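In this note's numbering, the protein residues as written are 1082 to 1177.
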């Protein structure tokens, strides 16, 4: 049996040419990225990306569109990122 780590990332765009990006600085990752994170145990992938965007930005996305998968193996673990984009959102943007 293989070990896998599932994650997600979402490009949030407003239809006016603006795209939301985060400048993360922490122990596990430093750099510019889209909101996202790990899928929790027994969590549906789409629900996970909605939750992660809300936790990191304060925005509630609707109908995220699945765009692709990024996969790599590190230390014997399959790392899988599900890539989404969303343009339907509500809420007030905040810094995480």
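Just so you know, even glycine gets a beta-carbon here, dropped at the ideal spot from N, CA and C.
From a predicted model like this one, the values you see are computed outputs, not experimental measurements.
Round the Cβ separation of residue i and residue j to the nearest angstrom and send it over; I've been treating them as touching at under 8 angstroms.
i, j, result
"residue 1085", "residue 1161", "6 angstroms"
"residue 1118", "residue 1089", "7 angstroms"
Alpha carbon to alpha carbon, how far is residue i from residue j?
i, j, result
"residue 1141", "residue 1134", "7 angstroms"
"residue 1148", "residue 1127", "12 angstroms"
"residue 1087", "residue 1122", "10 angstroms"
"residue 1120", "residue 1094", "22 angstroms"
"residue 1158", "residue 1083", "7 angstroms"
Considering Cα atoms alone, identify which of the options is closest to residue i.
i, options, result
"residue 1113", "1092, 1173 and 1124", "1092"
"residue 1167", "1096, 1121 and 1083", "1096"
"residue 1177", "1124, 1164, 1153 and 1116", "1116"
"residue 1175", "1107, 1137 and 1131", "1137"
Quick one, are the C-beta atoms of residue i and residue j less than 9 angstroms apart?
i, j, result
"residue 1104", "residue 1144", "no"
Give a single yes or no on whether residue i has its beta carbon closer than 8 angstroms to a heavy atom of the ligand PLP.
i, result
"residue 1163", "Absence of the ligand PLP is noted for the structure shown, with no ligands found whatsoever."
According to DSSP, simplified to helix, strand and coil, what is residue i?
i, result
"residue 1155", "strand"
"residue 1144", "coil"
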